[in-house]
Amino acid sequence: MLTQVAIIGAGPAGLLLGQLLSRAGIDNVIIEHRSLDHVLSRIRAGVLEQGMVDLLREAGVADRLGREGLVHDGVGLAFGGALHRVDLKALTGGNTVTVYGQTEVTQDLVAAREALGRPTLYEAEDVALHDIDSECPRVTFRIGGEARELRCDVIAGCDGFHGISRRAIPESALTCFERVYPFGWLGLLVDRPPAAHELVYAHHERGFALCSMRSAERSRYYVQVPQDERVEAWSDEAFFAELRRRLPAEVAAAVVDGPSIEKSIAPLRSFVAEPMRFGRLFLAGDAAHIVPPTGAKGLNLAASDIRYLHDALREHFLDHSQAGLNGYSARALARVWKAERFSWWMTGLLHRFPERNAFEQRMQQAELDYLFSSQAAMAAMAENYVGLPY
Ligand code: RFL
Ligand code: PHB
């Protein structure tokens with residue numbers, strides 16, 4: 052099998068790249084090690100920056116997003132028993148975010164790819180990259196026990212944090228930066244109306260909590276839990292009781308209980324691998340970097356990587372220029388590090404850190420107080436939350 056771009060991974064990064072390339076007439080094949088059902092049922096992110104919405108529109112996959120996405124002009128921050136509002140739109144000169152589940156983005160991208168008749172090879176086992184520092188890289192894998200090979204010009208490593216692409220780069224050619232947080236997020240999805248019209252991020256002495264949503268009828272809630280917590284230890288009742296304890300009274304009273312349709316724990320990590328290229332292999336999305344979910348940046352960073360990688364691949368295949376590919380890593384990383392900083396800052400601001408001493412806790416308190424006493428501080432938070440320009 053032969054193609055121009057072999058894409059490893061059918062997450063949002065791989066699918067979006069495939070869609071943009073296909074529309075530009077650049078041949079591509081996606082290789083995914085899970086089943087289509089698994090890919091379509093993963094519950095993850097929910098908040099899209101305007102830049103990502105615009106990119107999905109350019110990719111021709113934003114019709115349902117336009118109908119069903121919820122545009123939010125502001126976001127709530129709760130601490131000390133009170134709810135404060137950051138007016139994103141007013142503070143950024145008109146920018147907003149859109150609430151639309153990653154699950155829906157993935158469904159729309161899969162449907163668009165099927166409509167174009169482009170190949171995605173699901174349930175691929177033993178995926179391995181070869182000759183990535185040559186002009187003729189190859190991908191080998193097995194499907195249903197049968198050995199297969201895909202020859203290509205370029206490989207896009209879009210296979211997430213646990214994928215094989217980053218690991219195919221020699222250790223000596225990669226520098227990794229990492230911070231693992233001593234807690235995770237226990238998330239619950241429920242078919243009940245959200246507690247508030249906008250998201251509420253809450254700092255409480257018992258730990259962080261977040262009220263989010265997928266639609267006017269479906270809510271997504273999170274509570275901070277210790278790193279080694281097991282999801283089986285949490286009944287739905289226990290979850291809702293803990294969530295309410297961490298919210299201001301008026302928000303807690305508006306939470307509507309119901310049976311969970313999904314409940315899982317996500318660890319929190321900051322991670323960056325530099326550079327995002329080795330030879331003909333280009334990393335994008337979670338394969339190259341991870342942010343803690345507090346700033347809602349992970350999916351959006353995957354989208355900005357794909358914006359840059361797609362532009363570079365167009366230059367390579369259509370204009371026969373290497374400049375874009377040569378500049379890809381530096382261009383992507385400049386935006387990645389700023390989102391890493393924001394996610395790290397927001398995580399530090401809102402969580403309970405068991406190791407923080409009394410002085411550090413007062414510093415955290417002072418930073419929260421300062422945020423809501425200063426237009427400049429709030430504007431800095433707002434401009435990062437809606438997403439820095441591409
Ligand atoms: P993905 O989504 O992990 O997709 C990678 C794909 O590669 C496949 N794969 C392989 N395929 C072939 N061969 C192999 N060896 C392979 N190994 C893996 C996988 O099966 C998968 O299909 O990475 P991608 O595309 O880079 O997308 C990144 C986003 O998924 C991620 O950043 C976000 O979900 C992070 N995130 C959030 N981001 C936001 O922007 N806003 C949010 O509100 C937000 N909330 C979240 C989040 C992530 C969470 N979890 C569970 C980690 C909330 C949570 C709870
Ligand atoms: C979500 O709805 O899943 C969500 C929203 C905001 C975040 C993280 C996750 O910061």
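For the sequence shown, my numbering begins at 52 and goes up steadily by one.
From the three backbone atoms N, C-alpha and C, an ideal C-beta is built for every residue, glycine too.
Asked                                                                                                              : Found
Residue 90 CB to nearest heavy atom of the ligand RFL below 7 Å                                                    : yes
Close beta carbons around residue 339, own chain, < 6 Å, minus the five adjacent residues each side                : 324, 327
Under 5 Å, CB to nearest heavy atom of the ligand PHB: contacting residues                                         : 97, 98, 263, 271, 344, 347
Span separating the alpha-carbon of residue 88 from that of residue 414                                            : 46 Å
Cβ neighbour criterion (16 or more within 10 Å) applied to residue 421                                             : exposed
CA-to-CA distance, residue 158 to residue 107, given in whole angstroms                                            : 13 Å
Beta strand (DSSP E) segment containing residue 311, residue limits                                                : 311-325
Inter-stretch contact (C-beta, 8 Å, three-pair minimum) for the region 147-164 and the region 181-188              : no
Three-state secondary structure (DSSP) of residue 340                                                              : strand
Residue 236 CB to nearest heavy atom of the ligand RFL below 7 Å                                                   : yes
Selection from 430, 395, 289, 409 that minimises the alpha carbon distance to residue 320                          : 395
Under the three-state DSSP convention, the category residue 388 falls into                                         : helix
Selection from 216, 347, 371, 322 that minimises the alpha carbon distance to residue 388                          : 322
Supposed close pair residue 164, residue 65 - CB separation, criterion 8 Å                                         : The pair is not a contact, with the Cβ atoms about 10 Å apart (cut-off 8 Å).
As assigned by DSSP and simplified to three states, the class of residue 357                                       : helix
Cβ-Cβ distance between residue 71 and residue 110 below 8 Å                                                        : yes
Three-state secondary structure (DSSP) of residue 285                                                              : coil
Outcome for residue 231 when other beta-carbon atoms lying within 10 angstroms are tallied against a minimum of 16 : exposed
Residue 399 versus 349, 342, 244, 377, residue with shortest Cα-Cα distance                                        : 342
Buried versus exposed call for residue 28 [16 or more other C-beta atoms within 10 Å across all chains shown]      : There is simply no residue 28 to check, as the chain begins at 52 and stops at 441 in what is shown.
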